[in-house]
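Participant: Structure provided below as structure tokens; questions to follow.
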């Protein structure tokens, strides 16, 4: 599938790829696009952009033990989230925004929260193979009240901001399910953060990645 895409086709792609990595189309539409899982890599890069572009084009779908554990436990974590919050959750496929067709994302779930404004948002699930979320490096402890908060410098944060931007939704529940406990936090969309990210992503794609894509055709 090329980068020029209509709004209707975007809806079709999302609908037909809701099984995500288990679906061939999901793998096909990701090719030659920057996906939200690498947004931090691009946005934090200061030099040697050609090497990054080459690495992204050569990367293969490697399934690590942690990734396998996360995928296997994601459905159960989604059910736990729904039971705890009372919110409805829905599968989500690969999302392409028509005005930025070189970017794409695969949110874990869409969410309906009747008590939120707006009522629709996203759910990002992490299932680390740890006993407690207190062991997770992407969370930082507040020394004043012992609570934990999501690190906005982590690549997961860039991923989530990208997910919200490309889906047009304004909040995402970040749900970390460990063996013995869980952490849940609602992340609001940050327009200024996305503006900065989008500028870096566009520059990298059109000046570094796209020329390498064309040279390989």
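In full-length UniProt numbering, the protein residues as written are 1 to 217. Every residue gets a Cβ at the ideal spot worked out from N, C-alpha and C, and that includes glycine. From a predicted model like this one, the values you see are computed outputs, not experimental measurements.
Confirm, please, whether the CB-CB distance from residue 123 to residue 233 is below 8 Å.
Facilitator: What is shown of the chain runs 1 to 217, which leaves residue 233 out entirely.
Participant: Please go through the same chain and pick out, in chain order, the residues whose beta-carbon is closer than 7 Å to the beta-carbon of residue 208, but skip the five residues on each side of it.
Facilitator: Against the chain shown, residue 208 aligns to sequence position 208. Excluding residues within five positions, the ones whose Cβ falls inside 7 Å are 49, 50 and 53.
Participant: Would you say residue 193 and residue 161 are within 8 Å of each other, going by their C-beta atoms?
Facilitator: For the purposes of this step, residue 193 is identified with residue 193 of the chain shown, where counting begins at 1. For the purposes of this step, residue 161 is identified with residue 161 of the chain shown, where counting begins at 1. Yes. Within cutoff.
Participant: Thinking C-alpha only, which one of 75, 217, 10 and 86 is nearest residue 102?
Facilitator: Residue numbering aside, residue 102 sits at position 102 when the chain shown is read from its first letter. Of the candidates 75, 217, 10 and 86, the one whose C-alpha sits nearest the C-alpha of residue 102 is 10.
Participant: Buried or exposed: residue 181, going by 16 or more other Cβ atoms within 10 Å of its Cβ?
Facilitator: As a working mapping, residue 181 is identified with position 181 in the chain shown. The residue is exposed, with fewer than 16 neighbouring Cβ atoms inside 10 Å.
Participant: With H, G and I counted as helix, E and B as strand and the rest as coil, what does DSSP make of residue 121?
Facilitator: For the purposes of this step, residue 121 is identified with residue 121 of the chain shown, where counting begins at 1. Residue 121 falls in the strand class under three-state DSSP.
Participant: List the residues that DSSP assigns as beta-bridge partners of residue 188.
Facilitator: As a working note, residue 188 is residue 188 in the chain shown. 171, per the DSSP bridge assignment.
Participant: From 215, 197, 212 and 211, pick the residue whose C-alpha is nearest to that of residue 41; which is it?
Facilitator: As a first step, residue 41 must be located in the chain shown, where it is residue number 41. Considering only alpha carbons, the answer is 197.
Participant: Using DSSP bridges, identify the partner residues of residue 203.
Facilitator: The residue labelled residue 203 in the question sits at position 203 within the chain shown. Note: residue 203 sits in no beta bridge, so no partner.
Participant: Would residue 149 and residue 139 qualify as a contact pair, given that the criterion is a beta-carbon distance under 8 Å?
Facilitator: Against the chain shown, residue 149 aligns to sequence position 149. Against the chain shown, residue 139 aligns to sequence position 139. In contact: residue 149 and residue 139 (Cβ atoms closer than 8 Å).
Participant: In this structure, does DSSP put residue 3 in helix, strand or coil?
Facilitator: Working through the chain shown from its first residue, we reach residue 3 at position 3. The answer is coil: DSSP assigns residue 3 none of H, G, I, E or B.
Participant: For residue 86, name the three-state secondary structure that DSSP assigns.
Facilitator: Here residue 86 refers to the residue found at position 86 of the chain shown. Three-state DSSP puts residue 86 in coil, outside helix and strand.
Participant: For residue 34, does the three-state DSSP call read helix, strand or coil?
Facilitator: Here residue 34 refers to the residue found at position 34 of the chain shown. Residue 34: strand per DSSP, three-state reduction.
Participant: Between the region 154 to 171 and the region 62 to 71, do three or more beta carbon pairs fall short of 8 Å?
Facilitator: Touching, no.
Participant: If we ignore side chains and look at the alpha-carbon of each, how far apart do residue 145 and residue 47 end up?
Facilitator: Residue 145 sits at position 145 when you count from the first residue of the chain shown. Residue 47 sits at position 47 when you count from the first residue of the chain shown. Spanning the two alpha carbons is a distance of roughly 40 Å.
Participant: Going along the chain, which unbroken runs of the alpha helix (DSSP H) with 4 or more residues stay wholly within the region 35 to 62?
Facilitator: Listed in chain order, the complete alpha helix (DSSP H) runs (minimum 4 residues) inside the region 35 to 62 are 39 to 43 and 49 to 58.
Participant: Which of the three DSSP states, helix, strand or coil, is assigned to residue 79?
Facilitator: Looking up residue 79 in the chain shown gives position 79. Looking at residue 79 - three-state DSSP - the assignment turns out to be helix.
Participant: By Cβ distance, which residues of its chain are closer than 6 Å to residue 156, with the 5 residues on each side in sequence left out?
Facilitator: Working through the chain shown from its first residue, we reach residue 156 at position 156. Result list for residue 156: 138, in chain order.
Participant: In angstroms with no decimal places, state the Cα-to-Cα distance between residue 134 and residue 143.
Facilitator: For this step, residue 134 is matched to residue 134 along the chain shown. For this step, residue 143 is matched to residue 143 along the chain shown. Whole-angstrom Cα-Cα distance: 13 Å.
Participant: Measuring only the C-alpha atoms, how far is residue 215 from residue 78?
Facilitator: Position 215 of the chain shown holds residue 215. Position 78 of the chain shown holds residue 78. Between residue 215 and residue 78, the C-alpha separation is close to 42 Å.
Participant: I'd like to know whether the C-beta atoms of residue 201 and residue 39 end up nearer to each other than 8 Å.
Facilitator: The residue labelled residue 201 in the question sits at position 201 within the chain shown. The residue labelled residue 39 in the question sits at position 39 within the chain shown. Against a cut-off of 8 Å, the Cβ pair of residue 39 and residue 201 comes out as a contact.
Participant: Does DSSP classify residue 93 as helix, strand or coil?
Facilitator: For this step, residue 93 is matched to residue 93 along the chain shown. The answer is coil: DSSP assigns residue 93 none of H, G, I, E or B.
Participant: Within this structure, are the beta carbons of residue 177 and residue 127 separated by less than 8 Å?
Facilitator: Within the chain shown, residue 177 is the residue found at index 177, counting from 1. Within the chain shown, residue 127 is the residue found at index 127, counting from 1. In contact: residue 177 and residue 127 (Cβ atoms closer than 8 Å).
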